[in-house]
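Numbering (the numbering used here), first residue to last: 945 to 1202. Think of the CB as a built atom: it goes at the ideal place given N, C-alpha and C, for glycine as much as any other residue.
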């Protein structure tokens, strides 16, 4: 079975903000400030409602019979519509089991909203048995099916009060975690033109998520201890073979963890 671990990074959709709040010709940074301020008035926090997020990076790890691959979709100049289409094209091609951290509550709804906006097609993702009977009782849409494992949701027993952050779970399991870059810094990095840094951060989140998933697969009895160790070594081999500094940093932090 193919397994695809994914994560997205987003910034405020300032064009939507202008229309929603009548902000006219304000600069992007000022529009975003207004969006955050209005959100704080409504909720006490500045995390924007999901339709106000624009996707700027999607990172994936794909495990197939051929091996393990880690990458960010597209290039730094790739538009949002193409990024989102490539993600759903991957589902169309591989029909993988999806793995995420908070993907049910954030990543997938955001991807769906942006797919609607950009005219993306995603037939396989929305399949629920009409064309393929195998999807009737195991599809990407049901919270309790295994074609998509949202680790944050599943590990908490589907209880909101039991949820923990990816950073805290990584720390619990001796994984590298965030490496000094947090999701709250994405907008600042975007404004400074550091999309490559955002893409690197997204990839390390995917690595943490994959390693947690491997531990969960062992917990469920799907991955015997010896096979779990083989998968861990596969990840380390991928990191050692890479020339990317952020992957070398991830490996060093992992191997030096207490």
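Which partner residues does residue 998 have in the DSSP bridge list?
-> Taking the first residue of the chain shown as position 1, residue 998 is located at position 54. Answer is 955, bridged to residue 998.
Identify the residues that DSSP records as bridge partners of residue 1092: which are they?
-> On the chain shown, position 148 is the one that residue 1092 refers to. For residue 1092, which the question treats as bridged, DSSP gives the partners 1042.
According to the neighbour-count rule (16 or more other Cβ atoms, all chains shown, within 10 Å of its Cβ), is residue 1083 buried or exposed?
-> Locating residue 1083 in the chain shown gives position 139, counting from the first residue. Buried is the call here.
Residues near residue 1020 in its chain [Cβ-Cβ closer than 8 Å; skip 5 each side] = Here residue 1020 refers to the residue found at position 76 of the chain shown. Only 1139, 1140, 1143 meet the Cβ criterion.
What first and last residue would you give for the alpha helix (DSSP H) that runs through residue 977?
-> As a first step, residue 977 is located in the chain shown; it is residue number 33 there, counting from the start. Counting along the chain, the alpha helix (DSSP H) containing residue 977 begins and ends at 972–987.
In terms of residues, what are the limits of the beta strand (DSSP E) holding residue 1122?
-> Here residue 1122 is taken as the residue at index 178 of the chain shown, counted from 1. Where residue 1122 is concerned, there is no enclosing beta strand (DSSP E), given that its DSSP letter is neither H nor E.
Terminal residues of the alpha helix (DSSP H) in which residue 1018 lies | Here residue 1018 refers to the residue found at position 74 of the chain shown. Counting along the chain, residue 1018 falls outside any alpha helix (DSSP H), and DSSP gives it neither H nor E.
When you compare each of 995, 1097, 965, 1123 to residue 981 by their alpha carbons, which one comes out closest?
-> Your numbering for residue 981 matches position 37 in the chain shown. Of the residues 995, 1097, 965, 1123, the one whose Cα lies closest to the Cα of residue 981 is 965.
Using three-state DSSP, classify residue 1108 as helix, strand or coil.
-> Sequence index remark: in the chain shown, residue 1108 carries index 164 (1-based). Residue state, collapsed to three classes: coil.
Does DSSP classify residue 1194 as helix, strand or coil?
-> Taking the first residue of the chain shown as 1, we reach residue 1194 at position 250. Note: residue 1194 maps to helix in three-state DSSP.
Simplified DSSP state of residue 1050, which is helix, strand or coil | Position 106 of the chain shown, counted from the first residue, corresponds to residue 1050. Correct three-state label for residue 1050: helix.
Please report the Cβ distance between residue 1195 and residue 1187, rounded to the nearest whole angstrom; I am assuming they are in contact, meaning their Cβ atoms lie under 8 Å.
-> Taking the chain shown and counting its residues from 1, the one referred to as residue 1195 is at position 251. Taking the chain shown and counting its residues from 1, the one referred to as residue 1187 is at position 243. With a Cβ gap of about 12 Å, residue 1195 and residue 1187 do not count as contacting.
Could you give the DSSP three-state label for residue 1066: helix, strand or coil?
-> As a first step, residue 1066 is located in the chain shown; it is residue number 122 there, counting from the start. In the structure shown, residue 1066 sits in coil (DSSP, three-state: anything other than H, G, I, E or B).
Secondary structure at residue 1012, three-state DSSP: helix, strand or coil?
-> Stepping through the chain shown from its first residue, residue 1012 is reached at position 68. Reduced to three states, the DSSP call for residue 1012 is strand.
Close-in-space but distant-in-sequence residues of the same chain around residue 1111 (CB under 6 Å, 5 per side omitted) | Here residue 1111 is taken as the residue at index 167 of the chain shown, counted from 1. Closer than 6 Å at the Cβ level, and outside the excluded window around residue 1111, lie 1121, 1122.
Using DSSP with H/G/I as helix, E/B as strand and the rest coil, what is residue 967?
-> The residue you call residue 967 lines up with position 23 of the chain shown. If DSSP states are grouped into helix, strand and coil, residue 967 belongs with coil.
Locate the alpha helix (DSSP H) running through residue 1152, then write down its first and last residues.
-> The residue labelled residue 1152 in the question sits at position 208 within the chain shown. That run of the alpha helix (DSSP H) goes 1139–1163.
Taking DSSP as the reference, what is the three-state secondary structure of residue 1087?
-> If you number the chain shown from 1, residue 1087 lands on position 143. Of the three classes helix, strand and coil, the one that applies to residue 1087 here is coil, per DSSP.
Which residues in the same chain as residue 1041 place their Cβ atom closer than 8 Å to its Cβ, once the five residues preceding and following it in sequence are excluded?
-> Locating residue 1041 in the chain shown gives position 97, counting from the first residue. So the qualifying residues of the chain are 945, 946, 947, 948, 1090, 1091, 1092, 1093.
Could you check how far apart the C-beta atoms of residue 1095 and residue 1056 are, in whole angstroms? I think they sit under 8 Å.
-> In the chain shown, counting from the first residue as 1, residue 1095 sits at position 151. In the chain shown, counting from the first residue as 1, residue 1056 sits at position 112. 20 Å between Cβ atoms; not a contact.
Would you kindly work out how many angstroms separate the C-alpha atoms of residue 1169 and residue 1012, rounded to a whole number?
-> Taking the first residue of the chain shown as position 1, residue 1169 is located at position 225. Taking the first residue of the chain shown as position 1, residue 1012 is located at position 68. Put simply, the backbone Cα of residue 1169 is about 19 Å away from that of residue 1012.
Note down the Cα distance separating residue 950 from residue 1076, rounded to an integer number of angstroms.
-> Within the chain shown, the letter at position 6 stands for residue 950. Within the chain shown, the letter at position 132 stands for residue 1076. C-alpha separation (whole angstroms): 24 Å.
By the 10 Å Cβ neighbour count, where 16 or more other Cβ atoms means buried, how is residue 987 classified, buried or exposed?
-> Sequence index remark: in the chain shown, residue 987 carries index 43 (1-based). Under this definition residue 987 is an exposed residue.
Pull up the distance between the alpha-carbon of residue 1119 and that of residue 1176, whole angstroms please.
-> Translated into the one-based positions of the chain shown, residue 1119 becomes position 175. Translated into the one-based positions of the chain shown, residue 1176 becomes position 232. Taking the straight line joining both Cα atoms gives about 12 Å.
Measure the CB-CB distance between residue 975 and residue 958 and report whether it falls below 8 Å.
-> As a working note, residue 975 is residue 31 in the chain shown. As a working note, residue 958 is residue 14 in the chain shown. In this structure, residue 958 lies closer than 8 Å to residue 975 by Cβ.
Closest by CA to residue 955, which one among 1178, 1127, 1202, 1159?
-> As a working mapping, residue 955 is identified with position 11 in the chain shown. Of 1178, 1127, 1202, 1159, the residue nearest in Cα terms is 1127.
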